[in-house]
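In what follows, a single structure is set out as structure tokens and then discussed.
Residue numbers (the working numbering): 700 to 891.
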């Protein structure tokens, strides 16, 4: 399905290679943000993507444009992964656990987003609405696959908030993934 990002400012459709380059840049930026944070130098992202700086800046004229595009890209990846994982994983529990790992990776890249969109209250509000509209249904879908529609102990929004709150810690003694695993196991009613 075409999106606004598939068109140029003049309304023309982007060429296939331009769309592919944008996708490669988004994937490289997301990986770089997970590994090194949102302040990863743009030249490192271009090198990781295998494109020149000019190509990167043609697609994403500012760091804020790149960060917001990565945010939207990862929201879509998480939203689309939920039904796929339910179909492919050996069990609904494993689908939920695999999806939570994707969501935690997304949350790592989200750190620093507030600084990037500071002063743009409307833009920040729009991103939050987009996040909620796309990911709460994914969380609900996964929880319903695990528990059935009438027996979920929490809703998708609470799942996302709980995981999100656990991902705020950044000191070296705090193991985010361990805390999230414990939370999810508590939701699932399982033990180590």
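No residue lacks a Cβ here, since even glycine has one placed at the ideal position from N, Cα and C. Just so it is clear, the structure is predicted and the values come from calculations on it, not from any experiment.
At the level of alpha carbons, what is the spacing between residue i and residue j?
i	j	result
residue 848	residue 879	23 Å
residue 771	residue 888	32 Å
residue 737	residue 788	31 Å
residue 748	residue 832	30 Å
residue 795	residue 856	14 Å
residue 721	residue 834	23 Å
residue 844	residue 752	44 Å
residue 884	residue 714	45 Å
residue 699	residue 760	Given that the chain is displayed from residue 700 to residue 891, the structure contains no residue 699 and the question cannot be resolved.
residue 783	residue 756	33 Å
residue 806	residue 862	9 Å
residue 820	residue 828	12 Å
residue 765	residue 875	25 Å
residue 838	residue 850	14 Å
residue 754	residue 792	41 Å
residue 877	residue 846	23 Å
residue 734	residue 718	24 Å
residue 704	residue 742	Residue placement at residue 704 is poorly supported in this model, since its pLDDT is 48, which falls under 50; the coordinates are not used for a value here.
For the alpha helix (DSSP H) holding residue i, just list the boundary residues, first then last.
i	result
residue 833	820-846
residue 744	741-748
residue 878	875-887
residue 857	855-865
Using the three-state DSSP reduction, which class does residue i fall into: helix, strand or coil?
i	result
residue 761	coil
residue 777	helix
residue 720	helix
residue 851	coil
residue 704	Note that residue 704 scores a pLDDT of 48, beneath 50, so its modelled location is shaky and nothing firm can be said.
residue 788	coil
residue 890	Note that residue 890 scores a pLDDT of 42, beneath 50, so its modelled location is shaky; the value from the coordinates is reported in the next line. The answer is coil: DSSP assigns residue 890 none of H, G, I, E or B.
residue 766	helix
residue 795	helix
residue 725	helix
residue 714	coil
Using only CA atoms, which one of the options lies nearest to residue i?
i	options	result
residue 841	728, 785 and 730	785
residue 716	758, 871 and 732	758
residue 723	768, 761 and 763	768
residue 826	781, 774 and 883	774
residue 858	776, 836 and 743	836
residue 780	809, 798 and 764	798
residue 881	839, 791, 800 and 729	800
residue 866	830, 823, 802 and 851	802
residue 649	763, 742 and 718	Residue 649 cannot be examined here, being either before or after the span of the chain that is shown, 700 to 891.
residue 730	809, 851, 830 and 872	809
residue 804	725, 727 and 732	732
residue 886	860, 872, 852 and 871	852
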